[in-house]
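Per our numbering, residue 304 is the first one in the sequence shown, and the count goes up by one each step.
Beta carbons are placed, not taken as given, at the ideal position from N, Cα and C, and that holds for glycine.
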Amino acid sequence: MANDTSESAKAAKLAALRVALPATSETVYLNSGTNGPHSRALLDATVAKLTSDFELGRIGSDFYPSVMQEAAEIRTMLASIMGCDADEVALTRNAIEGMNIGVMGINWRPGDELVTTQLEHVCLFNLIGLAAHRHGITVRTVDIGNGDGDVTARLMAACTSRTRAVVTSHVQWSTGAVLDMTDLAGACRERGILTIIDGAQSGGHVPMDMHAFGVDIYAIPGQKWLCGPVGTGAVYVRRESMGDVLPTYLRGGSFDVNGFVVPSPGASRYETAEVNPLTGAGFRAGLQWIVDEVGLDWAYDRIRQLGERCYDGLATIPGIHLVTPRGQKAGLICFQIDGMTPQELTATLAERGYTIRYVEQKPSPLVARISCGWWLTEDEVDGVVDEIALIVAANAA
Ligand SMILES: Cc1ncc(COP(=O)(O)O)c(C=O)c1O
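This is the structure we're talking about:
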């Protein structure tokens, strides 16, 4: 009975939360790895801000102080979500901007080495390539398979005395593998190597604790698992590592006209623009709603359970090959299908009301990818698994 009550309380909580996320009724929302659904709190705050800017103008003496206050509140909120201090957080426009702040901020010398994996996102490979061209650094790309097993050992085996940074993702976008951040950062620190982590698929998806991880730089987007607007994100820079990460562009600081400059204190030195007042208002209100109404621990637990359910369901379907490592998964489940491309499966599922995506960027494997956001019901997860079973069986017949 007690169990019934807690089950029904859980269902009632979920139903109420889903009302505040109308996009989750429009489709079975299985693609937060691209963009999460917006909450009504985000919508209301954005509209209110646009309305007040429209009606009152943007030149009152309180306009800029209020923009700065908004930014401070977002940094504080993200710091509590990321497990760090607010002055270690810089606001960005996406994940890759934060990765640029890290990778381009190092005072590279020709012949220095950067170690990464073959699974990284295309945008990150572009950035690494640019850094290699610009600074004459050597890139060592380690094949870590699907990200299973002791990834730290494989990365460390590629490091030499010239290695300055290991650059990889916390959650791999094309396999869903969750890497052990504490282990990786510890091994790197022992060797004096910086860790620069792409958190594009981890922010809002798995628990983050920068101080416990011990990483140096960690970039997240707002628009994916945190359900924020496009054009939002943040980068954590460990306080003790700020001396190793020079601002590539500079806006805030103090100077003398002969060319001496002291950048702004803390990670805000890496910010080159004010927060956009509209996206900022929406982002903050949306985050507040997730923290207060959803609860991050509840969300992380639910994502993990739904990921498990999805994985176990797919594992029973003949002709499905799971790419996600069983022992290192969370809510991002990647797989391949005998006799059918992930593109075909994605298109057929879309016709039936399920929105997933495929990843087709080499050197990542070609996969179909399901993002198990906390807003999904168990029936929806079972539904997509059943639908995939029907599609695969019909294709094989
Ligand atoms: C692992 C990874 N890195 C980077 C990106 C790019 O994200 P953003 O647009 O936030 O820079 C993505 C987007 O899907 C991603 O999955």
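Check your understanding: Taking 8 Å as the line, does the beta carbon of Trp601 fall inside it for any heavy atom of ligand 1?
Key -> Reading the sequence shown from its first residue, position 298 is the one you call residue 601. No.
Exercise for review: Can you grab the Cα-Cα spacing for the pair Tyr614 / Asp446, in whole Å?
Suggested key: Within the sequence shown, the letter at position 311 stands for residue 614. Within the sequence shown, the letter at position 143 stands for residue 446. Computed Cα separation, rounded: 24 Å.
**Study point:** One or two residues paired with Cys675 in a DSSP bridge
**Key:** Mapped onto the sequence shown, residue 675 falls at position 372. Partner(s): none; Cys675 has no beta bridge.
Check your understanding: For Ser674, which residues from the same chain have a beta carbon less than 7 Å from its beta carbon, with the 5 sequence-adjacent residues on both sides left out?
Key -> Mapped onto the sequence shown, residue 674 falls at position 371. Taken in chain order, the residues that qualify are Leu333, Asn334, Ser335, Gly336, Gly634 and Leu635.
Practice item. Decide yes or no for the touch test of the stretch 479-486 against the stretch 453-470: beta carbon pairs closer than 8 Å, at least 3 of them. Key: yes
Review point. In whole angstroms, what separates the C-alpha of Trp678 from that of Gly562?
Key: The sequence position of residue 678 within the sequence shown is 375, counting from 1. The sequence position of residue 562 within the sequence shown is 259, counting from 1. Their backbone Cα atoms lie some 52 Å apart in a straight line.
Check your understanding: Which word fits Ser505, buried or exposed, when buried means at least 16 other C-beta atoms lie within 10 angstroms of its C-beta?
Key -> For the purposes of this step, residue 505 is taken as the residue at position 202 of the sequence shown. Result: buried.
**Study point:** Where Tyr657 falls, given that 16 or more other Cβ within 10 Å makes a residue buried
**Key:** Here residue 657 refers to the residue found at position 354 when the sequence shown is read from its first residue. With 16 or more Cβ atoms within 10 Å of its Cβ, Tyr657 is classed as buried.
Check your understanding: Using DSSP with H/G/I as helix, E/B as strand and the rest coil, what is Glu654?
Key -> By 1-based counting over the sequence shown, the position of residue 654 is 351. Here Glu654 sits in helix by DSSP.
Point to revise | For Pro524, the first and last residue of its enclosing beta strand (DSSP E) | key: Position 221 of the sequence shown, counted from the start, is the residue given in the question as residue 524. From DSSP, the beta strand (DSSP E) with Pro524 extends over Ile520 to Pro524.
Review point. So the beta strand (DSSP E) Thr471 belongs to, where does it begin and stop?
Key: Here the question's residue 471 lines up with position 168 in the sequence shown. Per DSSP, Thr471 belongs to the beta strand (DSSP E) from Thr466 to Ser472.
Review point. Helix, strand or coil for Glu543 per DSSP?
Key: Counting from 1 along the sequence shown, the entry for residue 543 is found at position 240. Looking at Glu543 - three-state DSSP - the assignment turns out to be helix.
Practice item. Kindly give me the distance between the Cβ atoms of Leu599 and Met380, rounded to whole angstroms, as I take these residues to be in contact under 8 Å. Key: Within the sequence shown, residue 599 is the residue found at index 296, counting from 1. Within the sequence shown, residue 380 is the residue found at index 77, counting from 1. Not really, about 11 Å apart at Cβ, beyond 8 Å.
Review point. Is it right to say Phe558 is buried, meaning 16 or more other beta carbons lie within 10 angstroms of its own, or is it exposed?
Key: By 1-based counting over the sequence shown, the position of residue 558 is 255. Its Cβ having fewer than 16 others within 10 Å, Phe558 is exposed.
Review point. Would you say Gly502 and Ala398 are within 9 Å of each other, going by their C-beta atoms?
Key: Numbered from 1 along the sequence shown, position 199 holds the residue referred to as residue 502. Numbered from 1 along the sequence shown, position 95 holds the residue referred to as residue 398. Yes. Within cutoff.
Exercise for review: Under 6 Å Cβ to Cβ from Glu663, same chain only, skipping five residues before and after it: list those, please.
Suggested key: As a working note, residue 663 is residue 360 in the sequence shown. Taken in chain order, the residues that qualify are Leu669.
Check your understanding: Taking the beta strand (DSSP E) that Arg443 falls in, what are its first and last residues?
Key -> In the sequence shown, counting from the first residue as 1, residue 443 sits at position 140. Taken as a continuous stretch (DSSP letters only), the beta strand (DSSP E) holding Arg443 covers Thr441 to Val445.
**Study point:** Val594 in three-state terms, based on DSSP
**Key:** For the purposes of this step, residue 594 is taken as residue 291 along the sequence shown, with counting starting at 1. In this structure, Val594 counts as helix in the three-state DSSP scheme.
Check your understanding: CB Leu324 to CB Ser342, shorter than 9 Å?
Key -> The residue given as residue 324 occupies position 21 in the sequence shown. The residue given as residue 342 occupies position 39 in the sequence shown. Yes, the Cβ-Cβ distance between Leu324 and Ser342 is below 9 Å.
Review point. With contact counted as at least three CB pairs below 8 Å, one residue from each stretch, are the stretch 423-439 and the stretch 601-610 in contact?
Key: no
Check your understanding: Does the beta carbon of Met380 fall short of 8 Å from some heavy atom of ligand 1?
Key -> In the sequence shown, counting from the first residue as 1, residue 380 sits at position 77. No; taking the cut-off as 8 Å, the Cβ of Met380 has no heavy atom of ligand 1 nearer than that.
Check your understanding: Relative to ligand 1, is the shortest distance from any of its heavy atoms to the C-beta of Ser674 smaller than 8 Å?
Key -> The residue labelled residue 674 in the question sits at position 371 within the sequence shown. No, Cβ of Ser674 sits at least 8 Å from all heavy atoms of ligand 1.
**Study point:** Beta-carbon proximity list for Gly432, same chain, < 8 Å, skipping 5 on both sides
**Key:** Locating residue 432 in the sequence shown gives position 129, where the first residue counts as 1. Val442.
Check your understanding: So does Pro368 have its beta carbon nearer than 8 Å to some heavy atom of ligand 1?
Key -> Here residue 368 corresponds to residue number 65 of the sequence shown, with the count starting at 1. No, the beta carbon of Pro368 sits no closer than 8 Å to any heavy atom of ligand 1.
Exercise for review: Report yes if the C-beta of Glu423 is less than 8 Å from at least one heavy atom of ligand 1; otherwise report no.
Suggested key: The residue labelled residue 423 in the question sits at position 120 within the sequence shown. Yes; taking the cut-off as 8 Å, the Cβ of Glu423 has a heavy atom of ligand 1 nearer than that.
**Study point:** Where Glu577 falls: helix, strand or coil (DSSP)
**Key:** Here the question's residue 577 lines up with position 274 in the sequence shown. Three-state DSSP puts Glu577 in coil, outside helix and strand.
Review point. Residue ranges of each beta strand (DSSP E) run of no fewer than 3 residues wholly in the stretch 368-432, ordered along the chain?
Key: 392-395 and 416-420
Exercise for review: Would you check if the distance between the CB atom of Ile520 and the CB atom of Met402 is smaller than 9 Å?
Suggested key: Residue numbering aside, residue 520 sits at position 217 when the sequence shown is read from its first letter. Residue numbering aside, residue 402 sits at position 99 when the sequence shown is read from its first letter. Yes; because the gap between Cβ atoms is below 9 Å, this pair is in contact.
Exercise for review: Please look up how many angstroms separate the CB atoms of Thr538 and Gly405, rounded, as I've assumed it's under 8 Å.
Suggested key: Taking the sequence shown and counting its residues from 1, the one referred to as residue 538 is at position 235. Taking the sequence shown and counting its residues from 1, the one referred to as residue 405 is at position 102. The question names Thr, but residue 538 in the sequence shown is Val. Between Gly405 and Val538 the Cβ distance is about 7 Å, and since that is below 8 Å, they are a contact.
Practice item. Considering only heavy atoms of ligand 1, list every residue whose Cβ is less than 6 Å from one of them, following chain order. Key: Asn397, Ala398, Ile399, His424, Cys426, Leu427, Ser472, Trp476, Asp501, Ala503, Gln504, Pro524 and Gly536
Practice item. Using alpha carbons as the reference points, say which of Glu681, Val688, Thr680 and Pro628 lies closest to Thr649. Key: To locate residue 649, count along the sequence shown from 1; it is residue 346. Of the listed residues, the one whose Cα sits closest to Thr649 is Val688.
Check your understanding: Exposed or buried, what is Met371 when buried is set at 16 or more other beta-carbons lying within 10 Å of its beta-carbon?
Key -> The count along the sequence shown starts at 1 and reaches residue 371 at position 68. Burial call: exposed.
Check your understanding: Going along the chain, which residues of its own chain have a beta-carbon closer than 6 Å to the beta-carbon of Arg378, five neighbours each way excluded?
Key -> Taking the first residue of the sequence shown as 1, we reach residue 378 at position 75. Only Ala389 and Val392 meet the Cβ criterion.
Practice item. Would you list, in sequence order, the uninterrupted beta strand (DSSP E) runs of no fewer than 3 residues that lie entirely inside the stretch 475-541? Key: 497-501, 520-524 and 536-540
Review point. Does the beta-carbon distance from Val695 to Gly622 come in below 9 Å?
Key: As a working mapping, residue 695 is identified with position 392 in the sequence shown. As a working mapping, residue 622 is identified with position 319 in the sequence shown. In this structure, Gly622 lies closer than 9 Å to Val695 by Cβ.
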